[in-house]
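Asker: Letter by letter, the sequence shown follows residues 1 to 506 in UniProt numbering. Every residue gets a Cβ at the ideal spot worked out from N, C-alpha and C, and that includes glycine.
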Amino acid sequence: MDKCRSERDRMPPEKRVLVLNHFPRFLSLLEEEIFSANSPIWDPEYKQQPPNHLQSIIDNKTPNRRGEFERVTATGESKDGFTTVSLSSCSIKRDDLKRASDTRSGDQGCKRRRVDDSIYDVTDDVSERTVADIVATITDPNYMCGPDALFQMQAPRDEAAKLEEQRKLIEFHVIGNSLTGPVNKQTMLWLIGLHNVFSHQLPEMTKEYISQLVFDPKHKTLALVKEGRPIGGICFRTFHSQGFSEIVFCAVTSNEQVKGYGTHLMNHLKDYHIRNNILHFLTFADEFAIGYFKKQGFSKDIKLPRTMFSGYIKDYEGATLMHCELNPRIVYTQFTAVIRRQKEIVKKLIDMRQKEVRKVHPGLTCFKEGVRNIPIDCIPGVRDAGWRESRATRAAPDPEPDPSALRAVLHAVKNHAAAWPFLKPVDKADVPDYYDHIKYPMDLRTMGERLKARYYSSRRLFVADMARIFSNCRLYNSPDTDYYRCANTLEKYFQTKMKDAGQWDK
């Protein structure tokens, strides 16, 4: 502070007010917190109360039905059990004929609670008895013969890693440092080994910064251990109140790459987070890591509202923010095996259906007579082959739009007092990061151009573009901003004008 006071005359006015007026107050409050015995900064279980707008989202969120997807065992002495969690995939017995979402074999820690299937459309679903017969057939070693049974054309990326895990050649452990209790020697050695792996594989990151995060008690690392030493890992921090984890480091040592370890590592991390009811990942990926994260289900299209993570994660210059949403019904470490089995069942069902439907129908002649199109169910044999009308087909077609009515609605919306933020596209020079978060921008001027070009072949397209304007605004801006309030006001006005014009079916 003495140095700041001596340089006060050379400081800009804004900085002078900040440093000399506000900064001393901040330091005194910080000192008070540090020396206070009841300060939440010393409470490892402290959870910050989310803002009101986030609390409403959390309260209205449907509880996810999920189960334990891995066997969890503590390593080391019992007093150190909090530092290390071992993960191992649950096996699936071949004679288990129930659906994978119903039960899984293994010990009690591996069973999943039944997920209510009533929320999913199971109309005309195949009977369990039929599925059981097919599974018994395709798992019979006498049935499976030929090269496909021995040599798979496209083996999953993580197949080799899963086999090594089954043979106990590799292990997975969630480890972390602690300020509230002793950390066993093995955990600390693994953390040091992971620090070395991250330092070698991520040369752009300083060793000091890697140390700061790897040994931070708020961060945990999923370690891939082979022959007693860590050869890869994913360092992450979980924000329980926000419902997501930030992945800060992800690396596998160079001589162990291209073996499927990275995919299997990420799958274990997904299962670990689902078990803890965290269903979102965020990470900043550089140009070399984007490809890997895309293969793991990450996308540049951020589905989380910006207010959920803004201020919680650090922005990295030259990196791209990516997001992954987890499905609590999926066991990711078993995902490829389940998909492969499902494909085999579908192929067998098709084969069974082809054997049932052997009748050959004559070709259609109506098109030669000038008919342009006919309903699918009028084609002979289609219904006998198992075709059913989909929901989309059964739905009433969207009526033809009235261009003059849509033009009048758009004109009224443009002239509304709350329309000023949406009249033209967002200028990237004014908001540099806008298009990093908003992948499908829309504005009223663009809608006017589309209306002139007869782009809106249905009312649904027109309503969708208008809705995108408001959803983009709410995604990028906080609820306490004028932009957010304008979006809410203008959306209600738009719906009113559409109803008045007879163009609103909702």
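Less than 9 Å between the beta carbons of F284 and D315, yes or no?
Answerer: Yes.
Asker: What are the boundary residues of the alpha helix (DSSP H) that M498 is part of?
Answerer: It spans D482 to D500 - the alpha helix (DSSP H) in which M498 sits, taken as one unbroken run.
Asker: Rounded to whole angstroms, what's the CA-CA distance from G381 to M442? Just pull it up for me.
Answerer: Going by the C-alpha atoms only, they are around 46 Å apart.
Asker: Check the C-beta distance from W190 over to A223 and give it rounded, since I have them as a contact under 8 Å.
Answerer: Indeed, because the Cβ distance is near 5 Å, the residues count as touching under 8 Å.
Asker: Give the straight-line distance between the Cα atoms of Y455 and L444, rounded to the nearest whole angstrom.
Answerer: Looking at the two C-alpha atoms, the distance is approximately 14 Å.
Asker: Going residue by residue through the stretch 357-440, where are the continuous alpha helix (DSSP H) segments of at least 4 residues, counting only ones entirely within it?
Answerer: Qualifying alpha helix (DSSP H) stretches, in chain order: 391-394, 403-414 and 434-437.
Asker: Going by C-alpha distance, which of P362, L27 and Q201 is nearest S254?
Answerer: The option with the nearest alpha carbon to S254 is Q201.
Asker: How would you write the range of the alpha helix (DSSP H) that V17 sits in, first residue to last?
Answerer: Where V17 is concerned, the enclosing alpha helix (DSSP H) stretches over P13 to V17.
Asker: Which of the three DSSP states is assigned to H240 in this structure?
Answerer: Three-state result, H240: coil.
Asker: So what does DSSP say about I469, is it helix, strand or coil?
Answerer: If DSSP states are grouped into helix, strand and coil, I469 belongs with the helices.
Asker: Helix, strand or coil for R454, going by three-state DSSP, please let me know.
Answerer: It is coil, neither helix nor strand.
Asker: Starting from the N-terminal side, write out each stretch of the beta strand (DSSP E) that is 3 residues or longer and does not extend beyond the stretch 153-230.
Answerer: The qualifying runs are 170-175 and 219-226.
Asker: Under 6 Å Cβ to Cβ from L326, same chain only, skipping five residues before and after it: list those, please.
Answerer: Hits under 6 Å: K270, I274 and L279.
Asker: So, at 6 Å on beta carbons, what are the nonlocal neighbours of M308 in its own chain, with the 5 sequence-adjacent residues on each side left out?
Answerer: Around M308: Q242.
Asker: Mapping the DSSP letters down to three states, classify S6 as helix, strand or coil.
Answerer: S6 falls in the helix class under three-state DSSP.
Asker: Residues in its own chain within less than 6 Å of I379 by CB, not counting five upstream and five downstream?
Answerer: Within the same chain, I379 has no close Cβ partners at all.
Asker: What does E325 pair with, by DSSP beta-bridge criteria?
Answerer: E325 is bridged to H280.
Asker: So which of S471, D480, D125 and S478 has the shortest CA-CA distance to I490?
Answerer: Inspection of the sequence shows that residue 490 is occupied by Leu rather than by Ile. Closest option to L490, Cα to Cα, is S471.
Asker: Over the uninterrupted alpha helix (DSSP H) stretch that includes L20, give me the two end residues.
Answerer: Element bounds for L20: n/a, residue is neither H nor E.
Asker: Where does V331 sit, in a helix, a strand or coil, going by DSSP?
Answerer: V331: coil per DSSP, three-state reduction.
Asker: Closest to P182 by C-alpha separation, out of P217, K439 and T481, would be which residue?
Answerer: Among P217, K439 and T481, the Cα nearest to that of P182 is on P217.
Asker: Between I374 and Y332, what straight-line distance do the alpha-carbon atoms span, to the nearest angstrom?
Answerer: Cα to Cα, the separation comes out at about 43 Å.
Asker: What residue range does the alpha helix (DSSP H) around M308 cover?
Answerer: Start and end: R306 to F309.
Asker: Would you mind stating whether E165 and H264 have Cβ atoms separated by less than 9 Å?
Answerer: Closer than 9 Å, so yes.
Asker: Span of the alpha helix (DSSP H) holding E128?
Answerer: Element bounds for E128: E128 to I138.
Asker: I need the DSSP call for S245, collapsed to helix, strand or coil.
Answerer: DSSP places S245 in strand when its eight states are reduced to three.
Asker: Who does I234 pair with in a DSSP beta bridge?
Answerer: DSSP, once it has assigned bridges, lists L222 and C250 as partnering I234.
Asker: Ends of the alpha helix (DSSP H) at D271?
Answerer: It spans Y261 to R275 - the alpha helix (DSSP H) in which D271 sits, taken as one unbroken run.
Asker: Thinking K220 and G176 are a contact (beta carbons under 8 Å), I'd like their distance in whole angstroms, please.
Answerer: The Cβ separation is near 4 Å, so the contact holds.
Asker: If we ignore side chains and look at the alpha-carbon of each, how far apart do A100 and A251 end up?
Answerer: At A100, the pLDDT of 39 sits below 50, so the modelled position is not reliable; the number obtained from the coordinates is stated separately. Near 31 Å, if we compare the C-alpha coordinates of A251 and A100.
Asker: Going by alpha carbons, who is nearest to F239 out of S310, E400, K368 and A408?
Answerer: Nearest of S310, E400, K368 and A408 to F239, Cα basis: S310.
Asker: Let's test the definition: count the other Cβ atoms within 10 Å of the Cβ of Y435 and tell me whether it reaches 16, buried, or not, exposed.
Answerer: Classification for Y435: exposed.
Asker: Would you mind sorting R353 into buried or exposed? The rule is 16 or more other CB atoms within 10 Å of its CB.
Answerer: With fewer than 16 other Cβ atoms within 10 Å, it is exposed.
Asker: Here's the rule: buried if 16 or more other CB atoms are within 10 angstroms of the residue's CB, otherwise exposed. What is Q108?
Answerer: Reliability of the predicted coordinates at Q108 is poor, the pLDDT of 38 falling under 50, and the value obtained from them is presented with this limitation in mind. Under this definition Q108 is an exposed residue.
Asker: Taking the continuous alpha helix (DSSP H) assigned at Y292, which residues delimit it?
Answerer: Y292 -> alpha helix (DSSP H) spans I290 to K295.
Asker: Quick one: using the 10 Å Cβ neighbour count with 16 as the cut-off for buried, is R459 buried or exposed?
Answerer: R459 is buried by the Cβ-count criterion.
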